[in-house]
Structures are given as structure tokens and as C-alpha cells.
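Line by line, the protein sequences are chains A and B.
Under the numbering used here, the first sequence has 718 at position 62, and the numbering climbs by one with no breaks.
Under the numbering used here, the second sequence has 193 at position 44, and the numbering climbs by one with no breaks.
Below is one structure, written out as C-alpha cells; the observations come after it.
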Amino acid sequence: MGGAPSTDTAIIRRRVSRSQSQRGTEEPPLIKWTLIAIALAFSLVFLLLPLVNVFAQAFAKGWQAYWNSLTEPDSWAAIRLTLIVAAIAVPLNVMFGVAAAWAIAKFEFRWKSLLTTLIDLPFSVSPVVAGLMFVLMFGLQGYFGKWLEAHEIKIIFAVPGIVLATVFVTFPFVARELIPVMQAAGSEQEQAALTLGASGWRTFWHVTLPSVKWGLIYGIILCNARAMGEFGAVSVVSGHIIRQTETMPLRVQALYEGGSAVSGAAAFAVASLLALLALITLAIKTFLEWKQARDYARAQQLAMPTPESDSDTAFLARQNLR
Amino acid sequence: MAEKKFNALPGFGLTMGFTIFYLSAIALIPIAGLFLKTLEISLTDFWRLATTDRALAAYRLTFGASLVAALANALFGTVLAWVLVRYEFPGKRFIDALVDFPFALPTAVAGLTLANLFADNGWLGQWLVPLGIKGAFTPLGVIIALTFVGMPFAVRTLQPVLENLEREVEEAAATLGASRVRTFFSIIAPTLLPTIITGFALAFARAVGEYGSIVFISGNQPFKTEIAPYLIVMRLDEYDYTGAVALAVVLMVISFAMLYVINWLETWSSRFQN
Numbered sequence: 657m658g659g660a661p662s663t664d665t666a667i668i669r670r671r672v673s674r675s676q677s678q679r680g681t682e683e684p685p686l687i688k689w690t691l692i693a694i695a696l697a698f699s700l701v702f703l704l705l706p707l708v709n710v711f712a713q714a715f716a717k718g719w720q721a722y723w724n725s726l727t728e729p730d731s732w733a734a735i736r737l738t739l740i741v742a743a744i745a746v747p748l749n750v751m752f753g754v755a756a757a758w759a760i761a762k763f764e765f766r767w768k769s770l771l772t773t774l775i776d777l778p779f780s781v782s783p784v785v786a787g788l789m790f791v792l793m794f795g796l797q798g799y800f801g802k803w804l805e806a807h808e809i810k811i812i813f814a815v816p817g818i819v820l821a822t823v824f825v826t827f828p829f830v831a832r833e834l835i836p837v838m839q840a841a842g843s844e845q846e847q848a849a850l851t852l853g854a855s856g857w858r859t860f861w862h863v864t865l866p867s868v869k870w871g872l873i874y875g876i877i878l879c880n881a882r883a884m885g886e887f888g889a890v891s892v893v894s895g896h897i898i899r900q901t902e903t904m905p906l907r908v909q910a911l912y913e914g915g916s917a918v919s920g921a922a923a924f925a926v927a928s929l930l931a932l933l934a935l936i937t938l939a940i941k942t943f944l945e946w947k948q949a950r951d952y953a954r955a956q957q958l959a960m961p962t963p964e965s966d967s968d969t970a971f972l973a974r975q976n977l978r
Numbered sequence: 150m151a152e153k154k155f156n157a158l159p160g161f162g163l164t165m166g167f168t169i170f171y172l173s174a175i176a177l178i179p180i181a182g183l184f185l186k187t188l189e190i191s192l193t194d195f196w197r198l199a200t201t202d203r204a205l206a207a208y209r210l211t212f213g214a215s216l217v218a219a220l221a222n223a224l225f226g227t228v229l230a231w232v233l234v235r236y237e238f239p240g241k242r243f244i245d246a247l248v249d250f251p252f253a254l255p256t257a258v259a260g261l262t263l264a265n266l267f268a269d270n271g272w273l274g275q276w277l278v279p280l281g282i283k284g285a286f287t288p289l290g291v292i293i294a295l296t297f298v299g300m301p302f303a304v305r306t307l308q309p310v311l312e313n314l315e316r317e318v319e320e321a322a323a324t325l326g327a328s329r330v331r332t333f334f335s336i337i338a339p340t341l342l343p344t345i346i347t348g349f350a351l352a353f354a355r356a357v358g359e360y361g362s363i364v365f366i367s368g369n370q371p372f373k374t375e376i377a378p379y380l381i382v383m384r385l386d387e388y389d390y391t392g393a394v395a396l397a398v399v400l401m402v403i404s405f406a407m408l409y410v411i412n413w414l415e416t417w418s419s420r421f422q423n
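Quick look at the structure:
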């Protein structure tokens, strides 16, 4: 099927049967436990403590204070704006991701690798520079500034600018997850469906989509986490107008700079929602990986690899971030 | 790249057209707009704006701190990846899942919680500050934040390669009488090095553009703890667009150079793996 590189399969096989360890190639216990201690200390300072601290500080003043700082109108408006922005930006990027993955995975054309590189562009542009780009396009001094002003359209220091900046920062995520999964799934199934008389759309909905659904879901949750949490690019285009253009991350900053103990705790309260979002994202990711590994093991047992398990292989192999 | 076989799938024109339209509208035209803006600045002005003393101090901090953070990640990230792949210990699966936490956590929250941890009365600061290790509002804080955001890149790049490593080769070395240390340095390390370098480069590239987390932990003092992206924001707040553009173009060109190096590294190290 497809052209799943054999190394990917090897990774899975090792994951599935890792428990059989070899004795002759182990380090002496002293070195082993020193390395484990270093790794644990590093994870404690850079993973566990930052995570626990968010929630500890958020609840430092009790549940009531926590609830009040979230439902207070300014923070509430920020929560709503963040949800609205994500509700616009994520579907747009899903459409882009699916279209780009279809074109790249199912067809051969020149400049394909260039296109793939271009999709990664946002990863190498500083979020602040991304925001600046949109200010230069649509700000008062920008290329379209005069025209927009004449037509009374506000993009910069308004919600459309925040959506644009968010879309820019998060558009690679869905495409990146889908391309390898679609490539691995191949196109024989689609060819068969078309030959049997299904329309292009029907083939897409009933054949392609089910075979890539886990990769798609993973792309969407990553894209959503980033969209809700984007700070730098949004900060540049937002103008920080309370209750109008303040998203949750910007609200966290405003409260943090408020300086008082109360606003400090409120900053952590809003931040705790974003941290919760990150945890949920991780939980879904871990669940998807576990499910894929299980399905793969089952397919191996039956010794009847389905096209789905092939795409799963690529999905798992993609789990390194880039 | 010519068509190998007849492809009956529909939708190439539609999806390709939409992809290129979207990419152009969201990314290519705005990026081109940024570079076009530099044409309005004379070369001498550009040079002057891009190399003010304050800008030079900001570049030094941005690249210096990114370098230290990426090195820390290459070192500790390698240890973490090794431990997660090779050893069994309590809490292993939990930590493995948590490695992606810095990637999923909004940077503003990362900055907030790290600044609080390392502040004078924070969980870590109350022990570290008396020892003279000040993590909040110092260049060290910048390094801490950048290490945090770059860590998943270092660990997750190395992990699949470690999992895929041929144990048989190590066994053969051990059978032939090589000590574990010798096996490590002449067999394992050379195989892993290209991937460690790729992870280092990814963490470095991520660190250079980082803004959100640093705003909270560094204090943003000019010449001391001000990073280049923050200086761009300062210029914008002063409505000094040309100043902002000059700095942005410098950062962008360096990022693209990094992207090129990383792509090259990935090709190079994947050639090593096979």
C-alpha cells in the first residue's frame, strides 16, 4: 500500500514489543540511575512545576475568588473573544489543510517540495514579525490603509486583524498532520470507489475522510490549542482594547502587569483555563497514539494489514513535532 | 516528477487553486509586503536602524540566550529522550506524555508561571535567589523561558531515532569485547549526533522568534533583558514603522537561513540513518 517507509513500521514494531530488553547492552546501574535522576530533575523544573504552579496560584485565593476573576466582565469578554477567533480561524485552516493535503498527497507535480516548505513558513517567522506584516498591509500607514479607512473597514486593532494573525500562525498544523497520513493511505481505495461510479465528493466523504480521520482530529486539536493561545502576533495587531480586542492570553498579560496580588491571582485564573486546554490537547493526543498502537497490534495479529493501519503507521511516525 | 501513471482522482485543480490562493493571501503577499517596505528605506538608513546600539544588544541577547537554551536542550533533552526510550521507571509514561506540554501550552502562560516560579518568593526562587541564582527579570530568565519552549523539539526529534536504533550492533560490539563506554562513543554517539544537531537547530530556531514567554519573565529592560522581537514591538508603539521593519527584516532573513540549514540537516541526518 501507499509507500509507507519501512523505518516507520520498524518504529511501531519496537513500540509494541519494547518490553523484551537485552541485558548485554545496558549501562551499569549507577550510570543508569544517575541519568534517570538528571532526566527527572529536568522534567520536574521544566515540565511538572510550571504546570502545577499555574493551578496552585490560580486557586491560591480560593474557589470563590477564582470563579469571580473568571466571570468578571473584562475577563469574560476575553474568553468569549478567544472562542470566537478560534471558531473562525480553525475551520478556515481545516479547509486549507484538507485541500493542501489532497493536492500534495494524491498528485504528482513540479515544485511539490517548494509548496511543502511554504506551508511550514509560519514556523520560521517570529510571531511579532507576523503581526507586523499585517499592520503593514492593513494598518493606517499600510498598503491598504487609506482604502480601508475610506470604506470604514477596521482590520488592525479590531477582531478581523486578530483572526488574520491567528490564521497565519496556525495554518500549517492541519496540513502537516494530514499530508503524511494521506500519502500513506495511497489512492487505490479512491480509484476503486470512482470506478464503481461514486462521485468525487462522495469518494472523499466515504473513503478518504474515514481513512485519515485520526490525523485530521489531531491536526485540529493542535491547531485549536495554538489558535486560542497565540500571543505575539495577536498582541501586535490587537491594540489591547479591554472588552473589545483583548483575547485570553492578552488578558493574562494585562492582569499580570496590573501588579496587585488580586490581579496577579486573576492572571493565573485566566491562565489556568489555557493550561487546562493544553492538558486536554495532550490527553487527546495520548489517547489517539494509544488507540493507533492498539489497532496496529490487532492488525498485526490478524496478519491482515488494512489500508487504515498503514496510514496509522505514518500518523504515529509523525508524532515528533516537525 | 512526470506523471508515472494515469491518475483518475478528481479535484486537483480545485484543491491546488485554493491552496495557492490561501497561501498567497495569508502568507506570501504579507511577507512580500514586509520586504517591499524596505525599498522605501535607503540602504544607509536601513543599516543605521538595524544596527543601533540597542538593537545590537537585543540581537546579542536573543541569539546568545537562544544558543545557550538550545545547548541545554541538546544536552538534557538527549538524556531525557534516552531515559524515556531505554529505561523503565515509575512515572515514565506520564513524563513521556508531558514532554509535549511546552508545545501545547500558550507561551503567555509559560512566561507567567516560570516568572512566578523563579521570583524571590516563588517555589524555586525562594531557594535559588539566596544562592545568587536570579531567574526572574534577568538574562538567565530569558534562557529559562527559551529552554522551556524549545525542549519538546529536542526530545521528540531524537526519540524515534533512538527507538529505531539497531540493538544488534551494540550487542555485537559487546560480544567483541568493547566496554559500554567504548560502544557508546564509537557506535551510539556517532549515529545519534546528526539527529541531536537537528533537534538543537529546531530548538534554536524556535527560540530566536520567541516572544510571549519572555515578555513575562525578562522584565524587558533595554540593553539588559530586551530581546529583538520586543524591540520591534517598542518601535511599533512609537509609530516608528521603518525602525520596526528594519529589525523585522533582519530577524526574518536569519530565520529563513535557519530554515534552510534545518532542511539541509534533516536530509543529511536521514541519509545517516539509512
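Where is the CB? At the ideal position from N, CA and C, for every residue including glycine.
For the C-beta of B:Pro255, the chain A residues within less than 9 Å are, from N- to C-terminus, Ala881, Arg882, Met884, Gly885, Glu886, Phe887, Met904, Pro905, Val908, Ala927, Leu930, Ala931, Leu933 and Ala934. For B:Val232, the enclosing alpha helix (DSSP H) stretches over residues Asp202 to Arg235. Close to B:Lys186, with beta-carbon spacing below 8 Å, are these residues of chain A in chain order: Leu792. Taking the beta carbon of B:Ile175 as reference, the chain A residues within 7 Å of it are Val823, Phe824 and Phe827, listed in sequence order. Selection B:Phe170, B:Leu341 and B:Val399 evaluated against A:Asn749 yields B:Phe170 as nearest (Cα-Cα). A straight-line Cα-Cα distance of about 29 Å links A:Ala848 and A:Glu945.
Around the Cβ of B:Ile190, a 10 Å sphere holds 16 or more other Cβ atoms; the residue is buried.
Take the alpha-carbon of A:Ala786 and the one of A:Phe824: they are about 8 Å apart. Put simply, the backbone Cα of A:Ala883 is about 12 Å away from that of A:Leu737. In summary, B:Val402 is exposed, with fewer than 16 beta-carbon neighbours lying within 10 Å of its beta-carbon over all protein chains present.
Annotated three-state conformation of B:Glu359 is coil, per DSSP.
With fewer than three CB-CB distances shorter than 8 Å, the region 328-339 of chain B does not count as touching the region 290-305 of chain B. Using a Cβ-Cβ cut-off of 8 Å, B:Arg329 counts as an interface residue toward chain A, since at least one Cβ of chain A sits closer than that to its own. Pairwise C-beta distances place the region 684-693 of chain A out of contact with the region 245-256 of chain B, as fewer than three of them are shorter than 8 Å. Neighbours of B:Trp272 in chain A, taken as residues whose beta carbon is under 7 Å from its own, are Leu705 and Asn709 in chain order. Taking the CA atoms as reference points, A:Ile940 sits about 8 Å from A:Tyr874.
Check the Cα spacing between B:Lys186 and each of B:Tyr409, B:Ala393, B:Asn412 and B:Pro378: the tightest is with B:Ala393. A:Val863 and A:Glu846 do touch by the CB rule: their CB atoms are close to 5 Å apart, below 8 Å. Distance between A:Ala934 and A:Ile897, taken at the CA atoms: about 26 Å. Of all residues in the region 710-726 of chain A, only Val710, Ala712 and Gln713 come within less than 9 Å of chain B when Cβ atoms are compared, listed by chain position.
Restricted to the region 902-929 of chain A, the alpha helix (DSSP H) segments that are unbroken, complete and at least 4 residues in length are 904-914, listed in chain order. In the three-state reduction of the DSSP assignment, A:Trp870 falls in the helix class. Contact between B:Leu220 and B:Ser362 does not hold, since their C-beta atoms are separated by about 18 Å, which reaches or exceeds 8 Å. Rounded to whole angstroms, A:Phe827 and A:Glu682 show a C-alpha spacing of 44 Å. A check of alpha carbon separations from A:Ala757 across A:Gln956, A:Val926, A:Phe790 and A:Lys869 identifies A:Lys869 as the nearest. Here A:Val815 really is in contact with A:Thr901; their C-beta atoms are around 7 Å apart, less than 8 Å. Here DSSP, grouped into helix, strand and coil, assigns B:Ile190 to coil.
Pairing B:Ser367 with A:Ser782 gives a Cβ-Cβ distance that is not under 8 Å. Taking each of A:Ile692, A:Leu696, A:Leu726 and A:Thr822 in turn and checking the Cα distance to A:Phe924, the smallest one comes out for A:Leu726.
For B:Phe334, there is no enclosing alpha helix (DSSP H), as DSSP marks it with neither H nor E.
Linking A:Gln839 to A:Ala761 through their CA atoms gives a straight-line distance of about 5 Å. By the 16-neighbour rule on beta-carbons within 10 angstroms, A:Glu808 is exposed. Taking C-beta atoms as the reference points, B:Pro251 and A:Leu930 fail to come closer than 8 Å. In the DSSP annotation of this structure, the continuous segment of the alpha helix (DSSP H) that includes B:Leu385 starts and ends at Ala377 to Asp386.
In the structure shown, B:Thr168 falls within a helical segment according to DSSP collapsed to helix, strand and coil.
Unbroken beta strand (DSSP E) runs of no fewer than 3 residues, entirely contained in the region 253-317 of chain B, are not found.
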